[in-house]
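Undergrad: Please read through the structure below; I'll follow up with questions.
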Amino acid sequence: MAGHDIIVVGASTGGVDALVRLVAQLPAGMDAAMLIVLHVGTGVSRLADILNRAGKLPAGQPADGEEILAGHIYVAPPDLHMTLEGGRVRLAHGDKENFSRPAIDPLFRSSAAAYGPRVVGIVLTGKLQDGSAGLLAIKQGGGIAIVQDPAEAVAPSMPQRAIACAPVDHVCPLAEMSALLLHYGRPPDGLNPPLRSTPCAGSSSPLPAPRSYARFPAKLPSSAGPHAPGPVSPHCPASVRTTGCGPDASAPQSPAPAPARHSAPPPVPAA
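Residue numbers (the working numbering): 545 to 815.
In structure tokens form, the structure reads like this:
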């Protein structure tokens, strides 16, 4: 089976510093593409420039229809959802999801539908729950789920909600993530081939094709405040659906298996 060569990352509050720390650890020529959604406003975003200076991989905002290449970082432009389809980036001014555009869940869901077990999904620091349902879709497609340790995150809500919603493989600090990505990916070979979309063969729960975005209010009610919760994702199990930033007291809670927490990636099996 091909390595995990599609890495999708979602971040919000505190995300710029977290992304800089993550990207700075990645080697030049890494045989994987990284696609990033950071919650930003409608103005100009300098994130791609910042990541270009921080690391060894070229980073930029893609054009609609741009082919995905290994060893490159693609940053969602402001006010556009970024999804994957047929080995290319798709950009659309769709309805806001989780009160955000760009939003994390559309990228995660579409990557799971297009690339299945080749995907690694990463949820970093942020408020509310964007990325949780998408990370579950990645797991259902056979991919890998990694979450920043909430104790390290500037805003722990997004990591906490992701851990509650999806069977996460690893919860770890940023300093350990690059080793995990290299463990799961293929070794660099100096080439940047196009990454073609393939069916999710072998997945126990085949995912549907990416759907149109759910409709969310474009603006929050004035009484809701800047960090009011979005609608609960129907993809999360009822036992972990929440309102606000804490569990719904009316929903029965069941313990989930603890994700792996370790200081180093597991050893690679001998050939």
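Every residue, glycine too, gets a C-beta built ideally from N, C-alpha and C.
Treat the numbers as computed from the prediction; the structure is a model and nothing was measured.
To which residues of the same chain is PRO711 closer than 6 Å at the C-beta, ignoring the five residues directly before and after it?
TA: LYS683
Undergrad: On the DSSP bridge assignment, give the partners of THR627 in chain order.
TA: ARG634
Undergrad: Name the residue from GLN692, GLU696, PRO700, ILE648 whose alpha carbon lies nearest to the alpha carbon of ALA677.
TA: ILE648
Undergrad: Would you tell me roughly how many angstroms separate the C-alpha atoms of GLU696 and ARG590, rounded to the nearest one?
TA: 24 Å
Undergrad: Rounded to whole angstroms, what is the Cα-Cα separation between ALA706 and ASP713?
TA: 11 Å
Undergrad: With DSSP as the reference, label MET574 as helix, strand or coil.
TA: MET574: coil per DSSP, three-state reduction.
Undergrad: What three-state label does DSSP hand ILE617 in the structure shown?
TA: strand
Undergrad: The alpha helix (DSSP H) with GLY685 in it runs from where to where?
TA: Unbroken run through GLY685: none, as it is neither H nor E.
Undergrad: Using the rule of at least 16 other Cβ atoms within 10 Å of the residue's Cβ for burial, across every protein chain shown, is HIS583 buried or exposed?
TA: Counting Cβ neighbours within 10 Å, HIS583 comes out buried, since at least 16 surround it.
Undergrad: Evaluate the contact criterion for the stretch 561–572 versus the stretch 653–665: three or more CB pairs, one atom per stretch, below 8 Å.
TA: no
Undergrad: Would you kindly check if the distance between the Cβ of ARG653 and the Cβ of LEU624 is under 8 Å?
TA: no
Undergrad: Taking ARG565 as the reference, give the member of ALA607, HIS727, THR669 with the closest Cα.
TA: THR669
Undergrad: So, at 8 Å on beta carbons, what are the nonlocal neighbours of PRO700 in its own chain, with the 5 sequence-adjacent residues on each side left out?
TA: THR669, PRO694
Undergrad: Does the distance from the CB of VAL567 to the CB of SER655 come in under 8 Å?
TA: no
Undergrad: Pull up the CB-CB distance for LEU595 and MET626, whole angstroms please, since I reckon it's below 8 Å.
TA: No, LEU595 and MET626 are not in contact; Cβ-Cβ is about 15 Å, not under 8 Å.
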